[in-house]
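Here the structure comes first, spelled out in structure tokens, and everything after it is commentary.
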Amino acid sequence: MESLLTTPFLTALLAGSLAAGLPLLLAGLGEQMSEKAGVLNIGLEGMMLLGAYCGFLGAWSSGSLWLGFLCGMLGGLALALPMMLLCVWLGLNQIVVGIALTLSAEGLTALLHHVQFSQSYPRLPRVDTLPLPLLSEIPVLGTALFDRHPLVYLAILAVPLLAWLYRSSLLGLNLQAAGDRPAALDAAGISVIATRSLAVLFTGAMAGLGGAYLATVGAGLFVPFMTSGAGFIAIVLAMLGRGRPLWVLLGALLFGLCLSLTTALQVAGLRVPTDLVQMLPFAAVMLLLLFFGRRAALPAALTRPYRRGER
Amino acid sequence: MSAQHQGKAPPLIRFEQVTKRYPGVLANDAITLDLHAGEIHALLGENGAGKSTLIALLSGMQQPDAGRLLIDGQAVRFSSPRAALQAGIGTVYQHSALVPSLTVLENLMLGRRWWQGRRQSATRRRFTALCNDLGVRLPADALLSSLSLGERQMVEIVKALWEGRRLLILDEASAMLTSAAVSDLQRSLTRLAAKGMAILFVTHKLPEALAFGDRVSILRAGRLVASRSAADLHRRGAEQAQSEIISLMFDAPSTATAAPAPPPSFQEKAPVLRVQGLRAACGEQEPQLDGIDFSLSAGEILGVAGIDGNGQRQLAEALAGQRTTLAGRIELGGEAVQAKSVPQRMKRGLRYLTDDRLGEGSLPAFPISLNLLLKRVGDAPFWRQGVEQPREIEAYAQQTISAHNIRAPGPHTPLGSLSGGNVQKLLLARELEGQPRVVIYNKPTYGLDFQTQQLAQEAIRRQAASGVAALLISPDLDEILALSHRVAVMAEGRIVGIVNNGPDARQTVGRLVVGGTA
Chain A
1 MESLLTTPFL TALLAGSLAA GLPLLLAGLG EQMSEKAGVL NIGLEGMMLL GAYCGFLGAW
61 SSGSLWLGFL CGMLGGLALA LPMMLLCVWL GLNQIVVGIA LTLSAEGLTA LLHHVQFSQS
121 YPRLPRVDTL PLPLLSEIPV LGTALFDRHP LVYLAILAVP LLAWLYRSSL LGLNLQAAGD
181 RPAALDAAGI SVIATRSLAV LFTGAMAGLG GAYLATVGAG LFVPFMTSGA GFIAIVLAML
241 GRGRPLWVLL GALLFGLCLS LTTALQVAGL RVPTDLVQML PFAAVMLLLL FFGRRAALPA
301 ALTRPYRRGE R
Chain B
1 MSAQHQGKAP PLIRFEQVTK RYPGVLANDA ITLDLHAGEI HALLGENGAG KSTLIALLSG
61 MQQPDAGRLL IDGQAVRFSS PRAALQAGIG TVYQHSALVP SLTVLENLML GRRWWQGRRQ
121 SATRRRFTAL CNDLGVRLPA DALLSSLSLG ERQMVEIVKA LWEGRRLLIL DEASAMLTSA
181 AVSDLQRSLT RLAAKGMAIL FVTHKLPEAL AFGDRVSILR AGRLVASRSA ADLHRRGAEQ
241 AQSEIISLMF DAPSTATAAP APPPSFQEKA PVLRVQGLRA ACGEQEPQLD GIDFSLSAGE
301 ILGVAGIDGN GQRQLAEALA GQRTTLAGRI ELGGEAVQAK SVPQRMKRGL RYLTDDRLGE
361 GSLPAFPISL NLLLKRVGDA PFWRQGVEQP REIEAYAQQT ISAHNIRAPG PHTPLGSLSG
421 GNVQKLLLAR ELEGQPRVVI YNKPTYGLDF QTQQLAQEAI RRQAASGVAA LLISPDLDEI
481 LALSHRVAVM AEGRIVGIVN NGPDARQTVG RLVVGGTA
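First to last, the sequence lines map onto chains A and B. For the first sequence, the UniProt record's numbering begins at 1 and goes up steadily by one. For the second sequence, the UniProt record's numbering begins at 1 and goes up steadily by one.
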């Protein structure tokens with residue numbers, strides 16, 4: 001076992017968990033706001049996938065990674081719009097609509113990919129990193145954590161920012177009231193519909209960004225179904241996070257670790273069946289749910305559409 | 001104490017011939033009412049007397065169909081709750097308007113636009129000032145869910161006072177409070193009135209109305225039947241004041257036809273249902289069913305009166321087996337059944353006619369035929385070896401439909417498309433099928449048209465005459481007095497008294513319903 005704890009192994013493991021965890025972090029933070037406001041967004045997987053496709057397309061055709069990110073966010077937003085319309089404005093069942101959106105996005109992106117890229121399989125060039133001065137010099141940790149793409153730093157910065165928003169702003173209060181007792185928010189003269197709409201759109205943009213990161217910085221190419229369940233894991237993270245962004249970050253890193261074990265074990269030259277290793281993240285989900293799921297206090301009005309005058 | 005304003009300054013708020021109609025109901029009928037600054041005005045009334053409508057009109061939730069609302073002698077019209085707030089009218093609603101997962105202070109910040117700051121220190125200062133006005137101490141930074149019900153009620157009042165500085169309306173504010181919390185509430189309200197606020201205290205509890213009010217007004221069937229000053233009531237003595245108000249609230253309207261006198265009591269017979277010390281599992285927001293004692297003889301109808309939501313439904317469900325019995329005994333024909341399941345109790349002859357007719361009572365999308373057999377799924381001859389027998393089911397449905405005069409196109413019609421009266425006929429037919437020994441009727445005629453009401457009441461009488469014991473839960477005192485041999489009154493999850501039906505029963509029951517002693 002001693003041979004496992006080598007520098008290249010640890011570096012690959014840490015770097016990998018951050019890289020694999022980042023899309024989860026972005027989507028999870030988005031989902032968290034939506035759940036706080038009382039909308040369970042099951043369409044998260046679809047929003048990530050459409051974000052991944054749009055992000056890749058944007059980056060590939062423009063040559064700019066940042067334009068790719070923007071396109072990814074717009075892709076996620078485009079799918080959040082029907083979610084907002086159907087679930088928040090018209091009060092349809094959030095779970096049914098979410099599943100429908102995910103399935104549509106899967107079909108749509110697979111079709112578009114087939115038409116555009118199935119002959120050529122274009123790849124993006126390797127992405128430049130932004131090594132943070134001094135910090136990136138630290139052995140193992142330095143290269144793993146502080147020599148990354150700028151979006152990584154921005155995403156991590158979003159964690160305290162959102163935590164502040166929830167704890168210390170009026171918007172945070174409104175979001176929580178919309179999810180916990182929407183009638184009270186309405187009675188106080190704030191529109192529940194507007195508050196929830198905002199949260200749903202934010203979720204779409206964040207999921208789209210997460211997908212775009214996955215396709216551009218992560219893989220450098222788009223493949224159909226490439227999110228492979230990351231959206232659903234992000235939903236679980238948001239639920240277990242109980243409204244606290246820091247928990248989503250920790251959860252995302254944990255799942256990133258599981259995901260990157262595959263590569264890291266290969267680097268270490270250890271022969272474990274890959275199927276077994278690939279099961280790790282999902283086994284981890286179940287374990288986490290087993291231990292923490294029961295205590296996950298969800299907003300009282302989660303998944304319940306708000307109509308004035310109903311109790 | 002300050003009821004001698006009349007004649008001097010114009011009242012803070014005047015209702016002038018205010019009328020409000022809802023489809024089929026005259027909720028407020030030409031009400032004229034004055035609210036004075038510095039006065040606590042208690043408004044008493046039964047279920048459906050029009051109290052909620054009056055509050056809705058004052059707080060801007062509804063607009064009157066006729067009549068005027070005057071503030072300081074000026075006619076006003078509130079188009080929204082916000083408009084009423086701006087006129088200085090704050091309302092504490094019966095159902096909480098606070099978010100349990102936020103702190104007290106955060107709850108008070110709710111309602112400002114999101115781009116505005118939280119203004120922590122300003123909010124805190126104002127909160128402290130209002131708490132001083134009320135003479136209470138509240139933890140500003142505690143989660144609302146960690147507060148007692150009495151403290152939450154105070155937070156509601158603070159929130160209502162935040163903008164409503166002239167009139168404070170409290171809708172059934174004391175319903176869930178302990179008696180200590182009620183006297184705290186009284187102290188706070190008296191302080192507010194002394195500072196010149198007008199307070200409208202809406203309740204169905206007579207002792208509280210008498211204790212709180214500088215003036216007591218009584219609503220009945222949408223009309224203001226009386227308005228008395230506290231001084232006036234005190235002059236005549238507590239006992240007589242109570243009797244007068246109870247008569248005003250409950251006496252049979254002179255237009256009503258005298259109900260047929262119920263047969264004499266059945267005390268001598270052996271009881272078929274005996275309940276002792278029953279305590280059942282109840283949710284946090286429900287009245288806690290406890291210490292229920294009564295017995296029921298064959299052929300007897302025991303009415304259960306009380307303000308709606310005082311544990312009647314919980315009692316019915318506990319007897320039927322839909323709630324876990326935590327303590328006590330339920331004996332059916334001498335056999336303890338409190339640990340038995342719903343179908344086991346049903347097989348022993350206990351039936352429950354629910355008030356939730358289209359919810360737990362039936363499957364509205366299913367045909368009439370299956371709804372008739374919902375409680376006998378799998379039984380012969382309608383099912384054989386687990387296979388449905390459509391012909392048997394249809395024949396049975398056909399026969400029941402004609403026997404009970406249910407108006408429906410046929411046995412395959414979805415139940416949900418029938419009228420309320422026909423649904424109730426069908427449910428009655430289902431529950432009274434076989435050999436019932438005890439039937440629990442929960443609001444059997446509620447929401448039905450007059451003719452179906454008569455039919456249902458007739459069915460209840462006929463069943464009793466044939467020896468079936470009945471527990472009749474109804475919010476309608478007239479119905480209870482017309483049908484029952486004895487009347488039990490429920491308040492806050494307990495039976496506060498059982499009265500033999502007779503000429504004096506209306507007074508006695510009325511007194512128990514509003515919280516007096518028999």
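Even for Gly, the Cβ is constructed at its ideal location relative to N, Cα and C. Remember, it's a predicted structure, so these values are computed and weren't measured experimentally.
Exercise for the section: Flag Ala264 of chain A as yes if its beta-carbon sits less than 8 Å from any beta-carbon of chain B, otherwise no. Expected result: It does not: the Cβ of Ala264 of chain A has no partner Cβ on chain B nearer than 8 Å.
Handout entry: C-alpha gap between Leu246 of chain A and Gln32 of chain A, whole angstroms
Key = If you take the alpha carbons of Leu246 of chain A and Gln32 of chain A, they lie about 11 Å apart.
Practice task
Reducing DSSP to helix, strand and coil, say where Ala75 of chain B ends up.
Solution key: Strand, per DSSP.
Practice task
Keeping to the same chain, check which residues put their C-beta closer than 6 Å to that of Arg430 of chain B; ignore five residues upstream and five downstream.
Solution key: Contacts found: Leu372.
Exercise for the section: Give the single residue among A:Thr303, A:Leu265, A:Leu22 and A:Gly16 whose Cα lies nearest to the Cα of Pro182 of chain A. Expected result: Its Cα nearest to that of Pro182 of chain A, the residue A:Thr303 stands out among A:Thr303, A:Leu265, A:Leu22 and A:Gly16.
Exercise for the section: Anything in chain B within Cβ reach of Ala187 of chain A, meaning under 7 Å, just list it in chain order. Expected result: Against chain B, the beta carbon of Ala187 of chain A has neighbours under 7 Å at Ala97, listed in chain order.
Exercise for the section: Output yes or no for whether 8 Å exceeds the beta carbon distance between Val127 of chain A and Tyr306 of chain A. Expected result: In terms of Cβ geometry, Val127 of chain A and Tyr306 of chain A do not form a close pair [threshold 8 Å].
Practice task
Look up Arg187 of chain B in the DSSP assignment and say whether it is helix, strand or coil.
Solution key: Reduced to three states, the DSSP call for Arg187 of chain B is helix.
Problem - Helix, strand or coil at Trp115 of chain B according to DSSP, with G and I counted as helix - result: In this structure, Trp115 of chain B counts as coil in the three-state DSSP scheme.
Exercise for the section: Figure out for me which residue from B:Gln314, B:Ala397, B:Thr413 and B:Glu335 has the closest Cα to the Cα of Ala365 of chain B. Expected result: Of the residues B:Gln314, B:Ala397, B:Thr413 and B:Glu335, the one whose Cα lies closest to the Cα of Ala365 of chain B is B:Thr413.
Handout entry: Backbone CA spacing between Gly146 of chain A and Leu14 of chain A [nearest angstrom]
Key = Strictly speaking, residue 146 of chain A in this sequence is Phe, with Gly absent from that position. Roughly 11 Å between the two C-alpha positions.
Exercise for the section: For my contact list, Leu350 of chain B and Ala320 of chain B are in at a C-beta cut-off of 8 Å; report their separation, rounded to the angstrom. Expected result: With a contact defined as Cβ atoms closer than 8 Å, Leu350 of chain B and Ala320 of chain B qualify at about 7 Å.
Problem - Length of the line joining the Cα atoms of Arg125 of chain B and Thr19 of chain B - result: Computed Cα separation, rounded: 42 Å.
Handout entry: Contact the segment 143-154 of chain B vs the segment 67-85 of chain B: 3+ CB pairs below 8 Å
Key = They do not touch, by the three-pair rule.
Problem - Spatially closest choice to Glu392 of chain B from B:Val377, B:Gly48 and B:Ile406, by CA coordinates - result: Restricting attention to B:Val377, B:Gly48 and B:Ile406, the CA atom closest to the CA of Glu392 of chain B is found in B:Val377.
Practice task
In the DSSP assignment, find the unbroken alpha helix (DSSP H) run with Leu40 of chain A in it and report its ends.
Solution key: Run containing Leu40 of chain A: none; DSSP gives neither H nor E here.
Exercise for the section: Going by CA-CA distance only, name the one from A:Gly16, A:Met48, A:Tyr153 and A:Ile190 that's closest to Leu171 of chain A. Expected result: Of A:Gly16, A:Met48, A:Tyr153 and A:Ile190, the residue nearest in Cα terms is A:Ile190.
Exercise for the section: Count the CB pairs spanning the segment 266-280 of chain B and the segment 321-335 of chain B that are closer than 8 Å, and state whether there are at least three. Expected result: With the cut-off at 8 Å, the segment 266-280 of chain B and the segment 321-335 of chain B touch.
Handout entry: From A:Ser17, A:Leu67 and A:Leu101, residue whose alpha carbon lies closest to that of Leu81 of chain A
Key = Closest by C-alpha distance to Leu81 of chain A, out of A:Ser17, A:Leu67 and A:Leu101, is A:Leu101.
Practice task
Determine whether the Cβ of Leu418 of chain B lies closer than 8 Å to any Cβ atom of chain A.
Solution key: Not an interface residue.
Problem - residue 526 of chain B burial status per 10 Å Cβ neighbour count (16 or more: buried) - result: The structure shown has nothing for residue 526 of chain B, since chain B only spans 1 to 518.
Exercise for the section: Report the residues of the segment 63-83 of chain B with a CB closer than 8 Å to any CB of chain A, ordered along the chain. Expected result: Within the segment 63-83 of chain B, the residues whose Cβ lies closer than 8 Å to some Cβ of chain A are Pro81 and Arg82, listed in chain order.
Practice task
For Glu284 of chain B, count neighbouring Cβ atoms within 10 angstroms of its own Cβ and tell me buried if that reaches 16, exposed if not.
Solution key: With fewer than 16 other Cβ atoms inside 10 Å of its own Cβ, Glu284 of chain B counts as exposed.
Exercise for the section: Measure the Cβ-Cβ separation of Leu257 of chain A and Val248 of chain A and say whether it is below 8 Å. Expected result: Cβ atoms of Leu257 of chain A and Val248 of chain A: not closer than 8 Å.
Problem - Separation of Asp214 of chain B from Arg187 of chain B, as counted between CA atoms - result: Using only the alpha carbons, I get a separation of about 14 Å.
Exercise for the section: Say whether chain A places a C-beta atom closer than 8 Å to the C-beta of Ser369 of chain B. Expected result: Against chain A, the CB of Ser369 of chain B has no partner CB under 8 Å away; the residue lies outside that interface.
Exercise for the section: With distances taken Cα to Cα, identify the nearest neighbour of Thr445 of chain B among B:Ala482, B:Ala175, B:Gly311 and B:Ala230. Expected result: Nearest of B:Ala482, B:Ala175, B:Gly311 and B:Ala230 to Thr445 of chain B, Cα basis: B:Ala482.
Handout entry: Within the segment 218-306 of chain A, ranges of the alpha helix (DSSP H) (whole runs, at least 4 residues)
Key = Contiguous alpha helix (DSSP H) elements confined to the segment 218-306 of chain A occur at 230-240, 245-267, 274-278 and 280-292, taking only those with 4 or more residues.
Handout entry: Neighbouring residues, chain A, relative to Leu102 of chain B (Cβ below 8 Å)
Key = Those within 8 Å of Leu102 of chain B in chain A are Leu173, Gln176, Ala177 and Asp180.
Exercise for the section: May I have the straight-line CA-CA distance separating Ala281 of chain B from Glu317 of chain B, to the nearest angstrom? Expected result: Taking the straight line joining both Cα atoms gives about 10 Å.
Practice task
Could you tell me whether the segment 34-53 of chain A touches the segment 280-290 of chain A, where touching means 3 or more Cβ pairs closer than 8 Å?
Solution key: Verdict: no, contact absent.
Exercise for the section: Please confirm whether Pro10 of chain B and Gly73 of chain B have their CB atoms less than 8 Å apart. Expected result: Yes, the pair counts as a contact, with Cβ atoms nearer than the cut-off.
Problem - Beta carbon proximity, Glu156 of chain B to chain A, threshold 8 Å - result: Output row for Glu156 of chain B: interface = no.
Practice task
Pick out the complete alpha helix (DSSP H) segments inside the segment 370-458 of chain B, 4 residues or longer, and give them in chain order.
Solution key: Runs found: 390-403 and 420-431.
Handout entry: Run of the beta strand (DSSP E) containing Ser247 of chain B, from where it starts to where it stops
Key = Per DSSP, Ser247 of chain B is not a residue of any beta strand (DSSP E); the alpha helix (DSSP H) it occupies stretches across Ala238 to Phe250.
Exercise for the section: Starting from Gln276 of chain B, follow its DSSP beta bridges and name the residues at the other end. Expected result: The partner list for Gln276 of chain B (beta bridge, DSSP) reads B:Arg329.
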